[in-house]
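This report concerns only the one structure given below.
In the working numbering, the protein residues as written are 207 to 294.
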């Protein structure tokens, strides 16, 4: 999924990246300037990101913009959406 691309790409595959929103139940995405953001949970133990790490993620976000990826609206039933996200 395009929205998950940014969060997963900069990190090695042996780290689990989860999209999350607090407090439960999740609020709707916050739309600003044609985009939205979600918090992510990185299971990295005691690791703390450095300024360079944040800079790298920002650079990757700009590169992602160059791909001109488009979000597509899906008009589906609740049961179909529950099946799609059953493992999230």
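No residue lacks a Cβ here, since even glycine has one placed at the ideal position from N, Cα and C.
Residue i, DSSP secondary structure in three states
{"i": "residue 246", "result": "strand"}
{"i": "residue 293", "result": "coil"}
{"i": "residue 281", "result": "coil"}
{"i": "residue 256", "result": "coil"}
{"i": "residue 274", "result": "coil"}
Length of the line joining the Cα atoms of residue i and residue j
{"i": "residue 275", "j": "residue 265", "result": "16 Å"}
{"i": "residue 260", "j": "residue 284", "result": "36 Å"}
{"i": "residue 257", "j": "residue 248", "result": "17 Å"}
{"i": "residue 287", "j": "residue 250", "result": "30 Å"}
{"i": "residue 269", "j": "residue 289", "result": "32 Å"}
{"i": "residue 271", "j": "residue 252", "result": "31 Å"}
Local Cβ density within 10 Å of residue i, reported as buried at 16 or more and exposed below that
{"i": "residue 281", "result": "exposed"}
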